[in-house]
Structure formats: C-alpha cells, structure tokens
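Down below is the structure, laid out as structure tokens.
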Ligand code: NAD
Ligand code: IPM
Ligand code: MN
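Residue numbers (full-length UniProt numbering): 5 to 365.
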C-alpha cells in the first residue's frame with residue numbers, strides 16, 4: 005500500500021486529549037486497508053511553544069510543513085495564558101492562508117444516537133445532512149485596518165473586509181460543484197447585502213454570475229440573520245450552504261449544535277489545487293473549561309481524520325471510519341458516549357470503541 009506523510013499538530017487544551025483518539029482510529033483504518041501513515045508530531049502552534057520561544061511557529065515552518073501530504077490538527081489557544089488574536093493569527097490562520105486552503109468544508113449531519121436539542125425527531129423524518137462551505141482566506145478576516153489616536157478620547161479602529169474576484173469565484177465554484185454532485189442540487193448563499201452595502205452585494209453578484217455556469221443547481225439566498233433562524237427551524241431543508249469567512253464560521257458552529265454537539269463536527273481546510281497540504285481539524289476549540297477532565301468528545305477529531313483519508317483518496321477506509329462512528333454513536337451506550345452527548349463516557353473509552361468498530365468492519 006501507499007505511504008502518506010502526515011504532520012500531526014495537537015496544539016492546546018483538549019487538542020492534546022482528542023488527538024491520540026484520532027490517531028488511534030486512523031491507525032486502525034490504515035492497518036485494515038493496507039496503507040501506511042507516517043506521522044511526524046510537532047509541538048509548535050501551542051501556548052507552551054509560545055512561552056518557550058516567544059512565537060507560535062518556527063521561522064522555517066513553511067518549508068517544514070510543505071512536504072507533507074496533509075496536516076492533522078487538534079486545537080489551539082488558551083485565553084487564560086495569551087490573547088487569542090496572538091495565538092490564532094500566529095498559527096492556524098497562517099496555515100490557512102499560506103497554504104491557500106481556500107475551502108473550509110464542514111459537514112452538518114444528524115447521527116442517530118446523538119440527541120438533537122430540537123424537537124424530538126422520529127425515524128422517517130427528513131434527515132439533517134448538509135455541508136457548510138466557508139471561504140477561508142479573506143473576507144472579514146483581514147489584516148487591513150488600524151488603530152489611531154490610541155489612548156485618547158479620539159481613539160478609533162477600522163478593519164476592512166476584502167473580497168477579491170478570484171477568492172470569491174473559487175469558493176463559489178467549489179460550492180456549486182459540490183451541490184451539483186448531490187441529489188437535491190440546492191445551494192444556499194449566506195449574505196447581508198441589505199446592511200453591508202459594498203462587499204455583500206458584490207458576493208450576491210458573483211453568485212448570480214456563477215449560477216449561469218450551473219443551470220441545474222437551484223440557488224437561494226438569505227441574509228445571515230434570518231438564515232440562522234432557518235437553521236434552527238428547518239435544518240433538514242439545507243443541502244450546501246456557502247458563506248463568507250465570518251458567516252461560514254458562525255454557521256458551522258450553529259449547524260453542529262443543532263445536530264447535538266459541536267464535539268462531533270469535523271473541518272477540512274482544503275487547498276483543492278494540491279499545491280499545498282490541506283489541514284484537517286475538529287470545528288471546536290481547545291475547550292479550557294473541560295481540559296484535564298478527559299471527557300472531551302473525540303468524534304470531531306476522528307471524523308476530521310475520516311475527511312483527511314477521503315482527501316488522500318482512501319475511500320474505502322474513510323467509509324469504514326464513518327460507519328464505525330455511526331455504529332458506536334447509534335448504540336447510544338451511556339458508558340461510551342461523552343457528557344456533551346448525555347453520557348458518562350470518557351475521551352479514551354469512546355476513541356477505543358470506535359477503533360474497535362473500525363477493525364471489526
Ligand atoms: P471551544 O470550542 O473550545 O469550546 C466551546 C464550548 O464547547 C465549551 O463549553 C467546551 O467545553 C465545549 N466543547 C468544545 N469542544 C468539545 C468537545 N470535543 N467535547 C465536549 N465539549 C466540547 O470554543 P471557545 O471556548 O470559544 O474557545 C476556547 C479556545 O479555543 C480559545 O482560545 C479559542 O480561540 C480557541 N479556538 C480554537 C479553534 C481551533 O484551533 N480551530 C477553534 C475554536 C476556538
Ligand atoms: C474555527 C475557529 C477559528 C476561526 C478561530 C479560532 C480563529 O473558530 O476554526 O472555526 O474563526 O476560523
Ligand atoms: Mn469557529
């Protein structure tokens with residue numbers, strides 16, 4: 005079988021706790037399907053590294069990471085130690101930009117066995133199963149702006165939103181293609197062109213332009229405020245939802261919350277050209293409030309590993325991993341599932357249960 009070089013960066017907080025479970029399940033899948041994951045662990049992109057080195061990354065991080073087939077990433081940040089804008093802009097956001105991971109792909113799926121906080125959904129109800137496609141390199145996340153008159157009563161700050169034609173078109177193209185490949189072929193665009201009067205109308209304009217190339221895809225657009233309400237009221241009606249960097253960020257926490265817990269949600273930061281390595285991580289952060297208790301849900305990390313295998317072309321192994329997740333969650337064993345899903349399980353117990361299910365597939 006093939007060998008894939010994977011950079012492993014656990015980061016901070018529960019990133020350190022869920023990473024071993026993700027690796028355990030990936031190793032089970034690789035053993036079963038006859039390929040090799042050659043793992044290299046790095047301690048940068050963490051508060052400990054920052055404390056020792058005064059920076060989040062070594063100077064040669066681009067050359068270090070570029071040769072890898074993919075990056076498997078936990079979570080970074082601990083606001084009790086260092087401000088988030090230093091730790092996050094110094095690490096994860098650098099990866100996304102330097103490696104041109106312009107697609108942030110995040111699934112939202114109601115998995116039987118995981119209780120939704122919404123009205124009880126019965127068998128036969130429509131499934132909740134959609135993708136959030138988030139623009140991942142520009143938009144509201146920009147470094148253009150400034151602070152002047154600092155410390156005076158005239159102090160003020162600005163921060164620009166950047167939408168380039170290339171950046172907007174390439175994320176829309178990805179989202180349209182994803183929608184085209186699904187049975188319902190429905191694309192929902194998140195906008196706010198009623199209030200944000202320059203960038204958001206531009207986004208809408210590019211959606212209309214792109215839709216001409218995909219006549220079979222049905223397009224709808226909603227302003228972000230009402231879209232969040234529709235997510236809660238009728239999540240089963242979405243198929244592919246595309247949004248700017250900030251809107252995609254918000255929608256991809258809301259979606260998994262509706263399906264039970266953000267603890268199960270994975271995230272692919274994808275460079276579709278293959279010029280740079282793509283990065284796979286859970287949607288959640290380092291959860292300082294539960295770090296150390298060993299109760300973090302490892303499913304987001306494991307499912308991110310599943311997305312990584314799909315990206316590498318190991319389709320059969322990826323299918324096994326997803327089936328294993330569904331099988332274990334589906335039996336709803338309280339001694340296995342973690343407290344965020346209403347159980348008494350611990351991180352390692354759930355990770356081992358999914359590992360075993362993969363090996364038994
Ligand atoms: P968070 O996702 O870390 O936690 C939000 C809430 O969800 C907390 O109550 C937490 O206990 C719970 N939670 C998160 N993941 C869970 C899991 N796997 N199992 C069970 N419960 C889980 O978000 P936050 O509190 O806003 O941020 C904490 C730190 O993480 C900050 O430094 C933030 O910037 C950072 N962060 C990093 C990433 C990343 O590395 N990709 C993403 C989001 C936030
Ligand atoms: C995410 C996170 C990051 C983001 C933060 C930690 C900078 O919330 O991956 O969703 O906003 O992109
Ligand atoms: Mn987020």
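The beta-carbon is built from N, C-alpha and C at its ideal position, and this holds for glycine as well. All of these numbers come straight from a predicted model, not from anything done at the bench.
By the 10 Å Cβ neighbour count, where 16 or more other Cβ atoms means buried, how is residue 2 classified, buried or exposed? Only positions 5 to 365 of the chain appear in the structure, and residue 2 is not among them; the question remains open.
* Verify the contact flag: residue 80, CB atom, against every heavy atom of the ligand NAD, threshold strictly below 7 Å. => Residue 80 sits at position 76 when you count from the first residue of the chain shown. Answer for residue 80: yes, Cβ within range of the ligand NAD.
Hey, could you find the ends of the beta strand (DSSP E) residue 273 is sitting in? In the chain shown, the residue the question calls residue 273 occupies position 269. First-last of the beta strand (DSSP E) with residue 273: 270-274.
Point to revise | Residues sharing a beta bridge with residue 135, DSSP | key: Position 131 of the chain shown, counted from the start, is the residue given in the question as residue 135. For residue 135, which the question treats as bridged, DSSP gives the partners 111, 244.
Quick one: does the C-beta of residue 137 sit closer than 7 Å to a heavy atom of the ligand MN?
Position 133 of the chain shown, counted from the first residue, corresponds to residue 137. Residue 137 Cβ: outside cutoff for every heavy atom of the ligand MN.
Are the CB atoms of residue 41 and residue 86 within a distance shorter than 8 Å? Working through the chain shown from its first residue, we reach residue 86 at position 82. Working through the chain shown from its first residue, we reach residue 41 at position 37. Contact: no.
To the nearest angstrom, how far is the alpha carbon of residue 26 from that of residue 14? In the chain shown, residue 26 corresponds to position 22, counting from 1. In the chain shown, residue 14 corresponds to position 10, counting from 1. In a straight line, the C-alpha of residue 26 is about 10 Å away from that of residue 14.
Answer yes or no: do residue 292 and residue 84 have a C-beta to C-beta separation smaller than 8 Å?
Sequence index remark: in the chain shown, residue 292 carries index 288 (1-based). Sequence index remark: in the chain shown, residue 84 carries index 80 (1-based). It is a contact, given that the beta carbons lie within the stated cut-off.
Quick one: using the 10 Å Cβ neighbour count with 16 as the cut-off for buried, is residue 320 buried or exposed?
-> Taking the chain shown and counting its residues from 1, one reaches residue 320 at position 316. Exposed: under 16 other Cβ atoms inside 10 Å.
Going by beta-carbon coordinates alone, are residue 144 and residue 248 separated by less than 8 Å? Walking along the chain shown from the start, residue 144 turns up at place 140. Walking along the chain shown from the start, residue 248 turns up at place 244. Contact: yes.
For residue 118, three-class secondary structure by DSSP: As a first step, residue 118 is located in the chain shown; it is residue number 114 there, counting from the start. It is coil, neither helix nor strand.
* Distance, Cα to Cα, residue 78 vs residue 22? -> Here residue 78 refers to the residue found at position 74 of the chain shown. Here residue 22 refers to the residue found at position 18 of the chain shown. Going from the Cα of residue 78 to the Cα of residue 22 covers about 7 Å.
Reduced DSSP category for residue 227 - H, G, I as helix; E, B as strand; rest coil
For the purposes of this step, residue 227 is taken as residue 223 along the chain shown, with counting starting at 1. Here residue 227 sits in strand by DSSP.
What residues does the ligand MN have around it, judged by CB closer than 6 Å to any heavy atom, in chain order? 253, 257
Self-check item: Of the residues 180, 141, 198, 157, the one placed nearest residue 171, counting alpha carbons only
Solution: Taking the first residue of the chain shown as 1, we reach residue 171 at position 167. Minimum Cα distance to residue 171 is reached at 141.
Nearest-angstrom Cβ-Cβ length linking residue 99 and residue 75, presumed shorter than 8 Å:
Sequence index remark: in the chain shown, residue 99 carries index 95 (1-based). Sequence index remark: in the chain shown, residue 75 carries index 71 (1-based). Right, the Cβ-Cβ distance comes to about 7 Å (below 8 Å), so this counts as a contact.
Q. By Cβ distance, which residues of its chain are closer than 7 Å to residue 179, with the 5 residues on each side in sequence left out?
A. Your numbering for residue 179 matches position 175 in the chain shown. 137, 191, 244, 246, listed in sequence order.
Three or more C-beta pairs closer than 8 Å, one from the stretch 317-332 and one from the stretch 88-97: is that the case here? no
- Neighbour-count burial assignment, residue 233, 16 or more Cβ in a 10 Å radius: Looking up residue 233 in the chain shown gives position 229. Here residue 233 is exposed. Its C-beta has fewer than 16 other C-beta atoms within 10 Å.
Taking 8 Å as the threshold (C-beta atoms), are residue 94 and residue 61 in contact? Reading the chain shown from its first residue, position 57 is the one you call residue 61. Reading the chain shown from its first residue, position 90 is the one you call residue 94. Going by C-beta atoms, residue 61 is nearer than 8 Å to residue 94.
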